[in-house]
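Chain order of the listed sequences is A and B.
95 is the number of the first residue of the first sequence in the working numbering; add one for each residue after it.
95 is the number of the first residue of the second sequence in the working numbering; add one for each residue after it.
Just so you know, even glycine gets a beta-carbon here, dropped at the ideal spot from N, CA and C.
Take a look at the structure set out below.
2 protein chains.
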Amino acid sequence: MNETRAFAPATVANVSCGFDVFGMALEAPGDEVLARRAEGSLVRIRSVSGDDGRLPLDAKRNTAGVAVRVFLDAIGSRQGVELELYKRMPLGSGMGSSAASAVAALVAVNRLLGDPLSRSELLPFAMEGERSACGSAHADNVAPALLGGFVLIRSYRPLDVIKLPVAMPLFCGLAHPHIEIRTRDARALLPDCVPMADAVGQWGNTAGLVAALCTGDYGLLFRSVQDLVAEPLRKNLIPHFAEAREAALAAGCEAFGISGSGPSLFMLARDRAAAAAGAAVVAALYAKLEVGCDYWDSRVNMEGAQVLDTESGQAESASGGLNCVLENGARL
Amino acid sequence: MNETRAFAPATVANVSCGFDVFGMALEAPGDEVLARRAEGSLVRIRSVSGDDGRLPLDAKRNTAGVAVRVFLDAIGSRQGVELELYKRMPLGSGMGSSAASAVAALVAVNRLLGDPLSRSELLPFAMEGERSACGSAHADNVAPALLGGFVLIRSYRPLDVIKLPVAMPLFCGLAHPHIEIRTRDARALLPDCVPMADAVGQWGNTAGLVAALCTGDYGLLFRSVQDLVAEPLRKNLIPHFAEAREAALAAGCEAFGISGSGPSLFMLARDRAAAAAGAAVVAALYAKLEVGCDYWDSRVNMEGAQVLDTESGQAESASGGLNCVLENGARL
């Protein structure tokens, strides 16, 4: 095989109550990466499209290039690789754009080499891509992009990533108002210390959300998607947050929050029509306020990244391991 | 029916990571209450045994009397009731002694009156018993004592109590070293504010524990039973905590922590023999140090409180509602 192509989806990190521990994969949008064997031993970014020229072509500074480099080094491969990135989602939107690029690149290159590693084993390299993109090797976007579904990052030391059961159909609307929020500004808003009552409420909600997903209890799920810690501060970075929330709920969505560190907004619903209606009314609200806003609706994507058959264009499901436990790099 | 008898079990609140949100019921020990119809409309405590004379006979100051009084008032009953309390567990031990008395009394009196309320509906009155016993109407002992199993108190306003699935056999050892810790002293040790990193770790653990219970994943369960918030401070109130932990783990238990606010210590195991061995070695350790120590082993009790047939002495399972949602008193 001389070239292969992979897709990795957008992801919603945090999901309100699970700040820094939950992430959820969508079906769309997402990035595609084509990987090709090349002479020599370098990783090169041949082209990036869909980024308005904002992403570096220097592989050492590009999240996909960094992830593939550390992967090849870890498995002791001297294979040269050329990557073409097709960005199909907005950058800096809180939808896991850098994660999707790194994951799609890793899945493509892993396949190119005959899948020497499992999906779970690719995770630490995707996290290195995140470190290069935003300074911290967080997993709450890369893990769901790679493994699919609703993922819990229980711990980083050691890395303990659990793909949660999702016992019911679950749909997500996503709206991306064209507002710039830098992750580091959103992080800077967070307090160093959480008042005990809020911390207790938050761990009640994370526990409730997992119980709801495992038992298929929509009511409990929607009651549990409440953020007592980050959202009360971060929503101030997003104009018209309260009206957007109200509009989405009125359209039939039953939970609403900030995707990652924003500005994208996610909403959860029992059916696709409600998710689509919620995302559309939020976009319409911003349009009325002369703020551009893209929007999507999607079922929660239980498969995660996919290898795309370059011959037929058919996708191959590529679901990762359940309840994988990885010491960072320890199994390599 | 002129008299009836009920049993309510000891409970482990917090279960390490779920400070103020988790509680778990044991099979033994537990309290029994005999309730008898009486002339007039008063609630009276006729006798208390097993308390070394420490509990008040004044029904207005006794947790069982208080719980039954607010229950009768709420349902508009003028029935007089006489209670006999048989304490079969230590007071002030962190094993939910006051909760067991209040719950056994409520279940007995509810049956005496022909079960006008469901198990879930009794919860707010048991919480009033807790308020009289320790100043706060907490539910993390009364809810599992009443409903059985492993219970999540997701929220107090509104009250949202979820009985979690427990997909595997789970056993608990319990040791009660004869050390006095007052709940208010244990509470006073807690910080007002939790460092963000610890808060994130704690909600990762509560989420992990629920996922483990739902999927029957022992490894994840035992990894998740870690308290980053209360135990690091409270363990200093319990001499030889570290040695006790080490002994229990060496005996085959796989998780260890403080039951409620202590001094009782709980340990979790995959089988009864390991739970029993763990509890016994902890008791032996304290005995060597000339500290008395009672101990028990038990399967996690999925049934909760039980009405005891006063004719045959047979217990009747009395499992409560799943995923009950109660506004405090709102359904009455």
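Close partners of B:Val294 in chain A (Cβ separation under 8 Å): Phe113, Asp114, Val115.
When CB distances to chain B are screened at a threshold of 8 Å, the residues of the segment 248 to 280 of chain A falling below it are Arg248, Ser249, Asp254, Ile256, Leu258, Pro259, in chain order. Considering only B:Asp279, B:Ala377, B:Met290, B:Thr277, the residue with the shortest C-alpha distance to A:Ala282 is B:Met290. A:Ala345 carries a coil assignment under DSSP once its states are collapsed to helix, strand and coil. Residues of the segment 295 to 318 of chain B with a Cβ closer than 9 Å to any Cβ of chain A, in chain order: Gly295, Gln296, Trp297, Gly298, Asn299, Thr300, Ala301, Gly302, Leu303, Val304, Ala305, Ala306, Leu307, Cys308, Thr309, Asp311, Gly313, Leu314, Arg317, Ser318.
In summary, A:Arg148 is exposed, with fewer than 16 beta-carbon neighbours lying within 10 Å of its beta-carbon over all protein chains present. By the criterion of a C-beta distance shorter than 7 Å, A:Glu337 is surrounded in its chain by Leu379, once the five residues flanking it on both sides are discounted.
Within the DSSP secondary-structure output, B:Ala269 pairs in a beta bridge with B:Leu359, B:Tyr389. For B:Gly310, the closest alpha carbon among the candidates B:Gly298, B:Ile273, B:Val260 is that of B:Val260. When 7 Å is used as the limit between beta carbons, A:Asp234 is near no residue of chain B, the shortest such separation being about 11 Å. Under the Cβ criterion of 9 Å, B:Val288 is counted among the residues facing chain A.
The Cβ-Cβ distance between B:Leu166 and B:Gln173 falls below 9 Å. DSSP places A:Ser195 within a helical segment (H, G or I) once states are collapsed to three. Residue burial is scored here from C-beta neighbours: B:Arg213 has at least 16 other C-beta atoms within 10 angstroms and is therefore classed as buried. A:Ile352 and B:Val142 have their C-alpha atoms spaced approximately 55 Å apart. Beta bridge pairing from DSSP links A:Arg99 with A:Leu128, A:Leu402. B:Ala132 and B:Ala122 have their C-alpha atoms roughly 30 Å apart. By the criterion of at least three beta-carbon pairs nearer than 8 Å, the segment 369 to 389 of chain B is not in contact with the segment 215 to 226 of chain B.
With at least 16 other beta carbons inside 10 angstroms of its own, A:Arg99 counts as buried.
For A:Phe219, the enclosing alpha helix (DSSP H) starts and ends at 213 to 228. Taking the beta carbon of A:Leu284 as reference, the chain B residues within 8 Å of it are Met290, listed in sequence order. The continuous stretches of beta strand (DSSP E) do not include A:Val164, which lies in the alpha helix (DSSP H) extending over residues 157 to 168. Taking the Cα positions, A:His232 is about 7 Å away from A:Arg225. Rounded to whole angstroms, the gap between the alpha carbons of B:Arg364 and B:Ser110 is 17 Å.
Taking CB atoms only, B:Val106 has no neighbour in chain A less than 9 Å away. Contact with chain A is found for B:Val323, since one of that chain's Cβ atoms lies less than 9 Å from the residue's Cβ.
Of the residues assessed, A:His270 falls on the buried side of the cut-off, its CB having 16 or more other CB atoms within 10 angstroms. Here B:Ala377 is buried: its Cβ has 16 or more other Cβ atoms, across all protein chains shown, within 10 Å.
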